[in-house]
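So the sequences go chain by chain: A and B.
Sequential numbering of the first sequence, starting at 1, is according to our numbering.
Sequential numbering of the second sequence, starting at 10001, is according to our numbering.
So the structure is just underneath, and the comments pick up after that.
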Amino acid sequence: MIRSVRRILIVGLSALAPMVAPAQQTTGTITGTAREQGTGRPIPNARVMVTGTSIAVPTRDDGTYILRGVPTGSVEVRVLALGHAAQKQTVTVTADGTAGADFSLAPVAVQLEQLVTTAIGQARSVEVGNDIPKINAAEVVQTKPITNITDLLNARAPGVQVLAGTMVGTGQRIRIRGQNSLSLSNDPIFIIDGIRMQSSTGSSSIGIGGSTPSRISDIDPNQIESFEVVKGPSASTLYGTDAANGVIVITTKRGRVGRAKWNSFIQHGRIVDKNTYPTAYTVFGHSPTGAIRRTDLSSATCFPGDISLGRCIVDSVASFNLFANKETTPLAPAYEEEYGADVSGGSETARYFVHGSYSGEQGVYKVPQFEINRLLAKNGIIPGEQLRPNALTRATMRANMNLQLSPLADVAISTAFISSSQRLPQTENNTTGLTSSAYGGQGYRTKCCILGTTLPLNGYRAFTPGDMFQETVKQDINRFIGSLTPNWRPLSWLTARGNFGIDFTNRVDSDLCRQGQCSDFGSSRLGFKLNNRTNLFDYTFDLNSTAQFHLTNALGSKTTVGVQYYRSIFERNGAEGDILPPGATTVSQASVFFGSEASTYKVTAGSFVEHTFSLNDRLFLTGAFRADNNSAFGTKTSVVIYPKASLSWVVSEEPFFARFGFINQLRLRTAYGQSGTSPGTNDALLFYTASAANVADQGTAALFFSALGNPNLKPERATEVEGGLDLDMFDNRASITVTAYHKKTKDALVARTLPPSAGISAVRFENLGSVQNTGFEASVRGQIVQTRMIGLDANLAYSNNNNKLLSLGSVPPIIGTDIREIPGYPLFGVWNRKILGYNDINHDGILTGNEVIVSDSAVFLGRSSPGLELTFEPGMDLWNNMFRFTAAFDHKGRFVLKNSNERIRCNQRLNCFGLTPQASLAEQVRVVALRDHPSRTEGGFWENGEYTKLREIALTFTPPASWVQHRFIRADRLSITGAVRNVKTWTQFTGIDPEAAAGAQFNLQDPFQAVPPPRYYTFRFNFGF
Amino acid sequence: MAKLKQQARIKRACTLGMAALLLAACSKDKIITITDPDVIFPSDLGTPESAEALRVGALARLSDITGGLQGSGSLNEGIFFFSGVLADEWRSTDTFVQRDEVDSRAITLANSAMTLEARGLHRTRVAALLAIPVLRQFKPLSVSDVGQMFWVRGWAEMTIAENFCNGMPISFLDESNTIQYGDPETNVQIYNRALKSFDSASANTTAGVARGDTVKWLAAIEKGRVLLDLGDYAQAGSVVTTANVPNNFKFTMSYSQTILDNQIWALNNSAGRWMPANNEGPLGLNPATANDPRVPICIGGTAACKNFDPNQTRANSFDQNFGAGSFLVQLVWPTRDADISVAMGTEARLIEAEVALRSGDVATFLAKLNFLRANFNTFKQPSDPCSETLTIAGCPTITGGNLLLPLTDPGTQSANEDLLFRERAFWLWSTAHRLADLRRLVRPVSDGGFGRTENSVFPNGFYYKGGNYGDDKFLIIPIAEQNNPQYRGCLDRNP
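Shown next, in the form of structure tokens:
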């Protein structure tokens, strides 16, 4: 006991270095095999570990393992394997002797105890006081319609809300346990193979109207073994500043000891847009004197008000839906394809995993037929990149190695190179974009004219796709992610571990309008070219050391100390050339040039100490703190300290626990922790900026007072308490996980609006706010039926989130057109003047402004992001698992969504149904409130955003090994999956789709001129030998 | 042997631990500190060159708030547009409701475009204010540069008072860069601030130096303008006459494609987000039908427009909802690099004409106006393509040797006042004079105004995009000002 206490003092207080040599130790070896109970099949890649030490190895392909350097005496050996119940044995080890321990693990449908990745390395889930869902990505990718990492993350873990981009290659929004920050990012950070990954969701210097590429989407899901979701500050404390919004930890696949194993896959998909788009209406009429009147004739309108006053006598109502017409639709079926192969294997001293893949995907947007005819007649050719303006191709190479340098040291090397090329169309909130014209056109095709021609617009408002898609926006990515993870175990009780790596991205954004091409807007047709080249570097240096041992037979101790350094660099050079000669496509060929340079740097340095006491290997008490400094903190803010504590108790293993036949394991857990989010790089600084000013027609250097800065700036600090239980029942056939959390963000950075009269910058960041998130998460997983012929299983996950802005400090409420930040209400709450009722006083069937009742002031209409999510994933196995059918339903509720497309269609485009005399009073009222009521309120266009999606269905055929083992190719694995994504949506929202968002990555989900998600049909063939 | 190995491992562990400790003990400043090349710190400003760059920066702010500034989150339209859309010079043909609100004289407190105008005016004021001490310290011999900054400050103060209601605070940054929040001030208080600024501008000039003369004339023109706003026309005339402002004097903001387009061209001729108003509401100015060379107008996309800018192809407004008639394009600034004169000798002569009229000297009044009309080339905006000596396609024809025929006495004081304000409206079109003139027209005589009724001056009745015109006669204190603890909003609705 005294010796152990001394060790704690040595390791804990001397920060890494055991200054006093412990007594001599002698060791032995344990060998054995892990097999599946019942079948006797060897279990590869199971984790075998000696409890209370750092000694752990994976099993080989044949299920065997060797544990070396095990302290003599009685030790406990534990085996964890995916899909199997954990098992432990007590083994006696003699000095320089070899002991044997074979394991027979029962296959289980649900698994509570598994290995999870923490900031300080891997740990058994029961040791951690948090709920950290772990998703077996390798299995999901093989059996579901997955084409990108967003599909992989979406609706897999309770409390994790994902809003996918709706165009090929566009970014996503991920929110874990609600939104914490008014002014800073609410995105989680990503860790891949131990290092920070560049995960910006708005990663482009060229906008197309809202959506942008995301660096998360660069990662090929086929390389991922698993990902874990570290949900909040109580679990993410040791990840340091910026982890307050959660951490997604990605582990890529690695080689296993054994012969070379090849896996290959082919996936082909068809992408079809099955959405229903709004129809355009135009009311034709005449005045009492016979003059033509029309809804789109601004000098002589035929609005309901005109009809009511007798100014317009309706002749007809024309309607046209250009999306439903083969000649005019800009939509066409597209394809998705993926090809890949990997090989893995190796010896105990060197394991390898080498993967290569290629994927290509095309968006559903296409120049419509009437435009093809026009452009072919004009130019003779339509380049493919203009015909199909949305596409992504990506090639990925990954090589992972695990080297056993000595019995005491190993190193994991992970490298990946990604090369991708993406094209994006002009669309969304973009005057010359597709949806601005396609949603805004009139109810007839003949309206004149396509600019510069005498041809009709064919239902488009101002510009037509043939011209729009001539503007070619591209992004080319070359990215390297490399990490080195050395492990050194100089003593059986001491481990030193490092994570060193770089994530480097070279990004080239370009935008080209050739001379005489593109929409005739501004000076576009004179031609221009943008070429912006960006380098993004993310460096990680992470070093820690863990000492673990038994203080007594029952009491274990584990101490980890570490330091971490993270540096992020963004450097961009941009060039723009305007006025291109015919045929020119480069900046240097232009007549007028512009140059730009932008840089952003951020550094975080921190150190931490964590200590865990374990009692009888079933009660785990952890305390920790992390000290951080960050380059973005103000000069008056030095180190910030984030504390953490957790308790995990496997109560079912206590002798006093009343045994219930149906309970296999019950774990109670609670955790407390803090984490932060750093301000923007220059938010703390008072500085000037420079640019050229035009004085007497000469470019002259000018200086501008730019930002007031705030020397007191510090990170937002989120404090979270969570508690819950994990219950494993009915012979591991069912599990329940329940978690409640309370998260409070203090010192929330408020972009305090400075009064215009100050004459300086518009905002200054101050640590003023306070935000609270509370919620409840539960998941139930079970194997309902399991026979040889049929198996039924289901996974039900529920999460809710209650978000409230507690305080804005001394700042008055922040008032926007629709969004207000008001204490006592949710962050990004929706406020507007509400329609209280209507009364057709003159009974003419037409409402006018004086017949609509609107609240006197703006009232709270609801949350702008879902407060509730429910996912249900049933599965069915047939004929001894030869066929597996799965489905995924996803429900999101408790929020409002603005039908902003209809708002602009009624107010400016003048083509909505509510403007026709056929509209019922209920359909007219929000249009009248918007156009004719003095309030001009848009409140009527905020609708219940609740929806349910049948997100995916999949059928996988896995023939028995005997069917595919051919004497020539020795195949041992084959599966074929047919799947559909975005199958069906049920909602009362009257917009196109509740998941359509012009820029999914933003805090606010705005369907304004957004495109909805298309449907994917995928067919995947997995083959291994 | 095993013990020796064990000790070696322990030594290595110790070495590793010590290395980690050393790393942790590194100077945190060295590890954490970064230098962003995009920013310039106050410590970099201690040179004559930086003083000059601050002066140019203040002029650039002036250019932004007058002609406009392109870019996301920036002004887009300057006060030359925004003031004119509330008056009768411009019509919003945009889909942004903020612009429609101002066009229809029904401005809401949260109008973000109006907030940008307020912020832009104050930024101009503060930029000049920050440049003055640095110029005095590092360019002590360039006195007129200091005078020019006082003029910029005064121009911003004057424009705030002319366009916003009573109640705009004037805040400052103190020496420690802390905001000193200003109390709400009436327009008269702010006009008096502007007068002091113009006096300081005049006092900081060096005789015989070109910039000194320029500042002196600028200060005189704007001081005369403020005095008219205050109803002190006698003093206004005296100031302008004493300064002897040349007829051809122009202080001009430059534009070019490489640095900044002329935003009046960009937002009307090119993007169609604004359109010159014609008989708005319905008594507004009528440049499209007046056939007046001071505000030449063409119909978008026609040969008349392309005559001045071959790329002017836009025949429809941005919102495709510009009301009756055709989409109109202004030709005062017909190209993207057309320069804008923000102060001209023209205004000095107009002030003198008004002084004569208000003094009862109708003959001098008409003579002054006709002198201007007879010398069109001298007094027009420099980029106006029309000429008094050459017949230009798209401009009125020269009749009897006059491009602008001489005016005659309409016979009544009221009609002469109408004549004065119409002449001012055409000569000073879209340079943020019109709203102040309309406010002067409806201001009580006791406050130096002309006592006209609101509906005889401001656009009113049915607004073509729906509903009726509101009753705003000025921009209101924006909601963002609530972050000033002294905020009280508009103190009253007085014009």
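For each residue, glycine too, the CB sits at the ideal point set by N, CA and C.
- The Cβ of residue 10142 of chain B sits no closer than 7 Å to any Cβ of chain A.
- CA-to-CA, the gap between residue 483 of chain A and residue 549 of chain A works out to about 29 Å.
- Under the rule that a run must span 3 or more residues, the beta strand (DSSP E) segments found entirely inside the stretch 292-380 of chain A read 292-294, 313-320, 334-346 and 350-362.
- Around the C-beta of residue 228 of chain A, 16 or more other C-beta atoms lie within 10 Å, and the residue is accordingly described as buried.
- For residue 568 of chain A, the closest alpha carbon among the candidates A:554, A:539 and A:551 is that of A:539.
- With a contact defined as Cβ atoms closer than 8 Å, residue 801 of chain A and residue 724 of chain A miss out at about 15 Å.
- Identification of chain A residues near residue 10050 of chain B by a Cβ-Cβ cut-off of 7 Å yields 703, ordered along the chain.
- The three-state reading of DSSP puts residue 386 of chain A in helix, counting H, G and I together.
- Nearest to residue 10288 of chain B by C-alpha distance, out of B:10265, B:10329 and B:10260, is B:10329.
- Of all residues in the stretch 10112-10131 of chain B, the ones placed with a Cβ closer than 7 Å to any Cβ belonging to chain A are 10115, 10118, 10119, 10122, 10123, 10125, 10126, 10127 and 10130, in chain order.
- Interface annotation for the stretch 748-759 of chain A against chain B: 752, 753, 754, 755, 756, 757, 758 and 759, criterion Cβ-Cβ distance under 8 Å.
- Under the rule that a run must span 3 or more residues, the beta strand (DSSP E) segments found entirely inside the stretch 799-834 of chain A read 819-821.
- Looking at the DSSP output, residue 403 of chain A shares a beta bridge with A:350 and A:411.
- Taking CB atoms only, residue 377 of chain A has no neighbour in chain B less than 7 Å away.
- According to DSSP, residue pairing for residue 1017 of chain A in a beta bridge involves A:270 and A:980.
- Chain B has no Cβ within less than 7 Å of the Cβ of residue 414 of chain A.
- Of all residues in the stretch 10476-10489 of chain B, only 10478, 10479, 10480, 10481, 10482, 10483, 10484 and 10487 place a beta-carbon less than 8 Å from a beta-carbon of chain A.
- Just measuring C-alpha positions, the residue of A:814, A:405, A:722 and A:734 sitting nearest residue 10481 of chain B is A:814.
- At a cut-off of 7 Å between beta carbons, residue 10328 of chain B makes no contact with chain A.
- For residue 874 of chain A, DSSP records a beta bridge to A:794.
- Residues of the stretch 10249-10281 of chain B with a Cβ closer than 7 Å to any Cβ of chain A, in chain order: 10254, 10255, 10256, 10257, 10258, 10259, 10260, 10270 and 10271.
- Here residue 257 of chain A really is in contact with residue 346 of chain A; their C-beta atoms are around 6 Å apart, less than 8 Å.
- The C-beta separation of residue 10376 of chain B from residue 10346 of chain B comes to about 10 Å, leaving the pair out of contact by the 8 Å criterion.
- Fully enclosed beta strand (DSSP E) runs of no fewer than 3 residues occupy 640-650, 663-677 and 687-695 of the stretch 636-698 of chain A, in order along the chain.
- Those residues of the stretch 670-686 of chain A placed with their C-beta closer than 9 Å to a C-beta in chain B are 681, 682, 685 and 686, ordered along the chain.
- Chain-order list of chain B residues neighbouring residue 689 of chain A: 10038, 10039 and 10040, by C-beta distance under 8 Å.
- Assigned with DSSP and collapsed to three states, residue 145 of chain A falls in coil, not helix or strand.
- Within chain B, the residues whose beta carbon sits less than 8 Å from that of residue 904 of chain A are 10095, listed in sequence order.
- A direct Cα-Cα distance of roughly 10 Å separates residue 637 of chain A from residue 631 of chain A.
- Scanning A:533, A:693, A:746 and A:734 for the CA closest to the CA of residue 716 of chain A turns up A:746.
- DSSP places residue 545 of chain A in the uninterrupted beta strand (DSSP E) bounded by 528-550.
- Among the residues facing chain A, residue 10319 of chain B is included, as its CB has a counterpart in that chain under 7 Å away.
- Residue contact check for residue 85 of chain A against chain B: no CB pair falls below 7 Å.
- From the beta-carbon of residue 931 of chain A, the residues of chain B found nearer than 9 Å are 10465, 10466 and 10467.
- If you ignore the 5 residues before and after residue 220 of chain A, its C-beta comes within less than 6 Å of the C-beta of 357 and 396, all in its own chain and listed in chain order.
- Burial is judged here by how many other beta carbons sit within 10 angstroms of a residue's own beta carbon; residue 824 of chain A has fewer than 16 and is exposed.
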